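Structure record follows, encoded as structure tokens.
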Amino acid sequence: MAESLVRVESVSHTFPAPEGGKEVLALDAIDMEIRQGEMVAFIGPSGCGKSTLLNVIGGMIAPTSGAALVSGQAVRGPLPKQIAYIFQESALLPWATVLDNIKVGLEFQGVPKDERGPIASAALKSVGLEAFAASYPHQLSGGMKQRVALARALSLRTDILLMDEPFAALDEQTRMIFGEDLSRLLASERKTIILVTHSLAEAVLLADRIFVFTSRPGRIKAVLTIDEPHPRTPDFMTSQRFSELRNELYELLRDEVLAAIGNDRQGLS
Amino acid sequence: MSGAAAGVSGGVTERLSRRGRRLSLLTKLAVFAALMVLWHLLTVTEIISPFFLPQPMAVMTVFWRILSTGRALPDLGVTFFEFAVAGPIAVLTGVVAGYLISMTRYSTVVLEPVISSLYAIPIIIFYPISVMALGIGPESKIAHGALFGFFPICLNTIQGFSGVDAIYLRMARSTGATKAQLLRRILIPAAAPTILGGVRLGLMLCFLAIIGGETIASLEGLGHRIVWYAEGMQMVNMFAYMVFVILIATAMNACLSLLELRRRGG
Amino acid sequence: MSLQSSRLPHPMVTRIAVIIGLLILWEIFGRMGTSLFFSPFSKVVMSGHEIFYEPEVRRALLTTSGVLALAFILSLALGLVLGLSIAMSKFTYQTFMPVLLLLYAIPQITILPLFVLYFGNGPASKIAFGVSHGMFPVAVSVIAGVQGIKPILLTSAASMGATRAQIFRRITLPYLVPSLFTGMRLASTAALLGVLLAELYASAGGVGHFTRRFSETFQPDKLYALIGALAIMAIVINESMRRLEKRFSKWR
Ligand SMILES: Nc1ncnc2c1ncn2[C@@H]1O[C@H](COP(=O)(O)OP(=O)(O)OP(=O)(O)O)[C@@H](O)[C@H]1O
Ligand SMILES: [Mg+2]
């Protein structure tokens, strides 16, 4: 594969102290490179800084030191033309219909008015929700809402897709189906994707490489490569190799999660 | 990274997380002081004529004289007498009526909307009836204050009792609690915070309604004294009494809030 | 506390029955003796019918309604502007929110005489006093509304490249609609209270004049009729505002 599309150069980030507390070192000198068309997953204990790093790459947070680069350019703010987001909670506007929710994203991105309708409809169709164009978010299930969020992100036609635990609010069955859908879609779209997740299975199922984070302050403990072509099928999930990879990931994470729990305990006392 | 990036992005989330924070007492005091200074400057320079807005120093002097000479005592006595009678009536009738209404789900559903739409009426319009029936003396203020205070207390009592989580009731019944035990151990403790909230609001409204009554038609009381000075165009005296009443109301509100918090164990 | 709704009549039926029962009690008490202060319901209704054909009373009611309408509209406009400017940024919020809270906490009834001194005996003081009651709830609900916006919506909009103006138009404003209607409901009640307080205090023109006249001349039937009309007006306003609020808050 070609050169790196996203580069993270010794990024550290410290959150200012909340009133009466200590300041938080969330990221400690992170380096990474992500190639065009690659799908990577961030996995690590809660509070280790995964979302923070994602937001640094997306230009939503300016790191205290170091820099994120997209296509060789330092990130200095949101890059709506290159990067689309899917968040953990629904970021759909509750007062707008499903279709309008997609259109408003295009409006923010600066797409001319008459082009928004067709693009939005096509995106909705690609996630199989064209029948719900006129529904409101509260009329949809959690899984459908996230599919709308996916459609909105796809409609923005960015090279890069950042997903912060997009399946966290979904039940186990829905997430697996969603995961397979995603794998299929991605194989055809060839987007560069960063996925933050807590699910080992999800990471192994979807990612080409998995970055395992240490407990706070977040550093990269290991990178696990999953050498398996997309789209990945349920067969892969039931294979011996899948369980081995999953177990390997589990071993890497176990100590960190324990350390993180210890950290938090200390913070409490 | 440059400040521009932080301005775009850090701004959005940071601003919102901080907004939720409560304004500290210090800020409030600072603002208060600033307003006083502004008032002082505007009046000392006579940008605003002293007829419209007396100087704060003059007001404070008179205010101090009122306190030190006990000049306000007769009016204060009248107002407090009215409140001391009306307040308990409002609390008693409000809590009892609220409890009775909340005894069954059906009576709650039937009567609560009636009470709450009556509460939408500005009770002040009934004041002329009080005056006509009870005269211009303290009686009409007592009736008016009690009526004003009744509604929030009654409504909160209904809400407090009917809002008790059914799971506690089931628990009590399954362990064989008697009616008295149920009331004492479950219903009252669970409903108390809401009821106390209503009592605080009700007593405040009761006090202000009494002041309002005295303002509209009376021969004595603090509210009347303000009107009396207003009609005599004695601005300094009028302001001093206004400050006095506002301070009393603020102190009362603070005491009642404290009581409410204490009871909640907060 | 059990619900045996299957056997009991619909709550609305019972509710109306209770109200009719109270009116009958009123009628009986009113007829029991002749009182200077009390009048049976039927007589009140008759006088109501009568006084509302008196051009003077009609004019007074019209004046009061006009004053109320103006006070309400001004409350909305001022409250909205005030609320938006305070909620606009962290700086304005931290600087001016304490001022707003301080002013809101003043028991306004104590400064009613001041309004009459400043604005005179006519409609101006009533409007001003109505506005000073009505605008704070609007401002406070607008501010609460702005603060209630889920941060994720703003973050997400920013990630898609929304400008400040777009965020305001597409997110802040639509999000504010329900709060605005809540503010409207509160403002209508508060402005009515303010206007009526000023009416009763100044009692020149408007209904305040007539409540005073009827009570001083001991005409309870007319007094009750007039007050009843005001009460019904208040309930109707409140109920319609509540419905409106509910309608526009559906997505919440
Ligand atoms: N806006 C903020 N202000 C202060 N501290 C923050 C802020 N955002 C995050 N933090 C802190 O930084 C650390 C990393 O947060 P981050 O959200 O990146 O963790 P995460 O790995 O995404 O966790 P999770 O898996 O629970 O989502 C946490 O300890 C958190 O408390
Ligand atoms: Mg996170």
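Residue numbers (this note's numbering), protein chains in the order written: chain A, 132 to 400; chain B, 132 to 397; chain C, 0 to 251. Virtual Cβ for every residue (Gly too), placed ideally from N, Cα, C. Note that the structure is a prediction, hence the values are computed from the model and not measured.
Which residues in chain B sit within 7 Å of residue i, going by Cβ to Cβ distance?
{"i": "V176 of chain C", "result": "Chain B residues near V176 of chain C: none, gap ~20 Å exceeds 7 Å."}
{"i": "E244 of chain C", "result": "Within 7 Å Cβ-Cβ: nothing; E244 of chain C doesn't reach chain B, min ~13 Å."}
{"i": "L271 of chain C", "result": "The question about residue 271 of chain C has no answer here: the residues shown for chain C are numbered 0 through 251."}
{"i": "T181 of chain C", "result": "Result: empty, since nearest Cβ-Cβ is about 14 Å, beyond 7 Å."}
For residue i, which residues from the same chain have a beta carbon less than 8 Å from its beta carbon, with the 5 sequence-adjacent residues on both sides left out?
{"i": "N335 of chain A", "result": "The amino acid at residue 335 of chain A is misidentified as Asn; the sequence shows Val. Correct list, in chain order: I341, I357, F373, L376, R377 and L380."}
{"i": "L173 of chain B", "result": "I179 and L184"}
{"i": "S145 of chain A", "result": "This sequence places Thr at residue 145 of chain A; Ser is not what is there. The residues are E154, V155, L156, A157 and T195."}
{"i": "R241 of chain C", "result": "R184"}
{"i": "W195 of chain B", "result": "none"}
{"i": "A254 of chain A", "result": "I233, A282, R283, L285 and S286"}
Anything in chain C within Cβ reach of residue i, meaning under 7 Å, just list it in chain order.
{"i": "Y267 of chain A", "result": "W250"}
{"i": "V240 of chain B", "result": "P10"}
Once the 5 residues before and after residue i are set aside, which same chain residues still bring their CB inside 6 Å of it?
{"i": "I351 of chain A", "result": "F342"}
{"i": "I236 of chain C", "result": "S187"}
{"i": "L224 of chain A", "result": "N232"}
{"i": "A205 of chain A", "result": "A198"}
{"i": "V229 of chain A", "result": "F263, A264, S266 and V279"}
{"i": "F281 of chain B", "result": "A221, T224 and G225"}
{"i": "L24 of chain C", "result": "none"}
{"i": "S238 of chain B", "result": "I232"}
Only counting the same chain, and skipping five residues up and downstream in sequence, which positions put a Cβ closer than 7 Å to that of residue i?
{"i": "S305 of chain B", "result": "none"}
{"i": "R152 of chain B", "result": "Low per-residue confidence applies at R152 of chain B: pLDDT is 46, beneath 50, and the placement is therefore not dependable enough to give any value."}
{"i": "T289 of chain A", "result": "K212, Q213, I214 and A215"}
{"i": "D162 of chain A", "result": "V139, E140 and S141"}
{"i": "V192 of chain C", "result": "The sequence shown places Leu at residue 192 of chain C, not Val. Same-chain partners within the cutoff: H132."}
{"i": "I197 of chain B", "result": "A203, A371 and F375"}
{"i": "F247 of chain C", "result": "V176, P177 and F180"}
{"i": "I154 of chain C", "result": "The amino acid at residue 154 of chain C is misidentified as Ile; the sequence shows Thr. Within the same chain, T154 of chain C has no close Cβ partners at all."}
{"i": "A227 of chain A", "result": "V235"}
Just the chain B side, please: which residues come within less than 9 Å of residue i by C-beta, in chain order?
{"i": "I18 of chain C", "result": "V245"}
{"i": "I234 of chain C", "result": "S248, L249, A251 and I252"}
Taking C-beta pairs closer than 8 Å, name the residues in chain C that residue i reaches, listed in chain order.
{"i": "P259 of chain B", "result": "L199, T210, R211, F213, S214, L222 and I226"}
{"i": "M294 of chain A", "result": "The contacting residues do not exist; M294 of chain A stays about 12 Å from chain C at best."}
{"i": "F218 of chain A", "result": "I151, T154 and S155"}
{"i": "V376 of chain B", "result": "P106 and T109"}
{"i": "K159 of chain B", "result": "P97, L100 and L101"}
Going along chain C, which residues have a C-beta under 9 Å from residue i?
{"i": "I369 of chain B", "result": "Contrary to the premise, residue 369 of chain B reads as Met rather than Ile in this sequence. P112, L113 and L116, listed in chain order."}
Show which residues of chain B have a CB atom less than 8 Å away from the CB atom of residue i.
{"i": "L69 of chain C", "result": "Near L69 of chain C there are no residues of chain B at all, since even the closest Cβ is about 17 Å away, more than 8 Å."}
{"i": "A76 of chain C", "result": "Going along chain B, no residue has its Cβ under 8 Å from A76 of chain C, so there is no contact; the nearest lies around 22 Å."}
{"i": "N120 of chain C", "result": "Chain B residues near N120 of chain C: none, gap ~12 Å exceeds 8 Å."}
{"i": "F217 of chain C", "result": "M263"}
{"i": "L195 of chain C", "result": "P253, I255 and I256"}
{"i": "L7 of chain C", "result": "Y237"}
List the residues of chain A that residue i touches, going by C-beta distances under 8 Å, in chain order.
{"i": "I170 of chain C", "result": "L224"}
{"i": "P136 of chain C", "result": "Going along chain A, no residue has its Cβ under 8 Å from P136 of chain C, so there is no contact; the nearest lies around 23 Å."}
Please identify, using Cβ separations under 9 Å, the residues of the region 324 to 353 of chain B that lie next to chain C, in order along the chain. For the region 324 to 353 of chain B, the residues whose beta carbon sits under 9 Å from a beta carbon of chain C are, in order, M335, F338, L339, A340, I342, G343, T346, I347, A348 and L353.
Report the residues of the region 154 to 166 of chain C with a CB closer than 9 Å to any CB of chain A, ordered along the chain. Within the region 154 to 166 of chain C, T154, S155, A156, A157, S158, M159, G160, A161, T162, Q165 and I166 place their CB atoms closer than 9 Å to a CB of chain A, listed in sequence order.
Against chain B, which members of the region 25 to 57 of chain C pass a CB distance test of less than 7 Å? Taking 7 Å as the upper bound on Cβ-Cβ separation, chain B lies near residues F36 of the region 25 to 57 of chain C.
State whether the region 289 to 302 of chain B contacts the region 314 to 326 of chain B, with contact taken as three or more CB pairs (one from each stretch) at a distance under 8 Å. Yes, since at least three Cβ pairs between the region 289 to 302 of chain B and the region 314 to 326 of chain B fall closer than 8 Å, the two stretches touch.
Between the region 155 to 167 of chain B and the region 80 to 98 of chain C, do three or more beta carbon pairs fall short of 8 Å? Touching, yes, given that three or more Cβ pairs across the two stretches are closer than 8 Å.
With a threshold of 8 Å, are at least 3 pairs of Cβ atoms found where one atom belongs to the region 322 to 333 of chain A and the other to the region 165 to 172 of chain A? By the criterion of at least three beta-carbon pairs nearer than 8 Å, the region 322 to 333 of chain A is in contact with the region 165 to 172 of chain A.
Within 9 Å of chain C by C-beta, residues of the region 221 to 250 of chain A in sequence order: Cβ proximity to chain C below 9 Å picks out S221, A222, L223, L224, P225, W226, A227, V235, G236, L237, E238, F239, Q240 and G241 from the region 221 to 250 of chain A.
Under 5 Å from any heavy atom of ligand 1, by CB: list those residues in chain order, please. Taken from the N-terminal end onward, the list reads A:F146, A:V155, A:A157, A:S177, A:G178, A:C179, A:G180, A:K181, A:S182 and A:T183.
When you check each C-beta in the region 171 to 185 of chain B against every C-beta of chain C, which residues fall closer than 8 Å? Of all residues in the region 171 to 185 of chain B, the ones placed with a Cβ closer than 8 Å to any Cβ belonging to chain C are F183, in chain order.
Scan the region 257 to 290 of chain A for residues whose Cβ lies nearer than 7 Å to a Cβ of chain C and list them as they occur along the chain. So the list reads Y267, H269 and L287, given in the order they occur along the chain.
Which residues of the region 186 to 204 of chain A have a Cβ closer than 7 Å to any Cβ of chain C? Give them in chain order. So the list reads G189 and M191, given in the order they occur along the chain.
Measuring CB atoms only, is the region 101 to 113 of chain C touching the region 352 to 366 of chain B, in the sense that at least three cross pairs come out at less than 8 Å? The region 101 to 113 of chain C is in contact with the region 352 to 366 of chain B.
Would you call the region 179 to 195 of chain C in contact with the region 61 to 81 of chain C, where contact means no fewer than 3 C-beta pairs closer than 8 Å? Output reads yes: the region 61 to 81 of chain C touches the region 179 to 195 of chain C.
Specify whether the region 239 to 251 of chain B and the region 7 to 14 of chain C touch according to this definition: at least 3 beta carbon pairs, one from each stretch, less than 8 Å apart. At 8 Å Cβ cutoff, the stretches touch.
For the region 51 to 63 of chain C and the region 190 to 206 of chain C, state whether three or more C-beta atom pairs, one from each stretch, are separated by less than 8 Å. Contact between the region 51 to 63 of chain C and the region 190 to 206 of chain C is present: 3 or more CB-CB pairs across the two stretches fall below 8 Å.
Members of the region 299 to 321 of chain B that neighbour chain C once the beta carbon cut-off is set at 8 Å: Per Cβ criterion, the list reads L300.
Quick one: any contact between the region 39 to 53 of chain C and the region 223 to 233 of chain C, if contact means 3 or more CB pairs under 8 Å? As far as the Cβ criterion goes, the region 39 to 53 of chain C touches the region 223 to 233 of chain C, which means the pair count is three or higher.
Given 8 Å, three or more beta-carbon pairs between the region 256 to 274 of chain B and the region 338 to 349 of chain B: The region 256 to 274 of chain B makes contact with the region 338 to 349 of chain B; the number of CB pairs closer than 8 Å reaches 3 or more.
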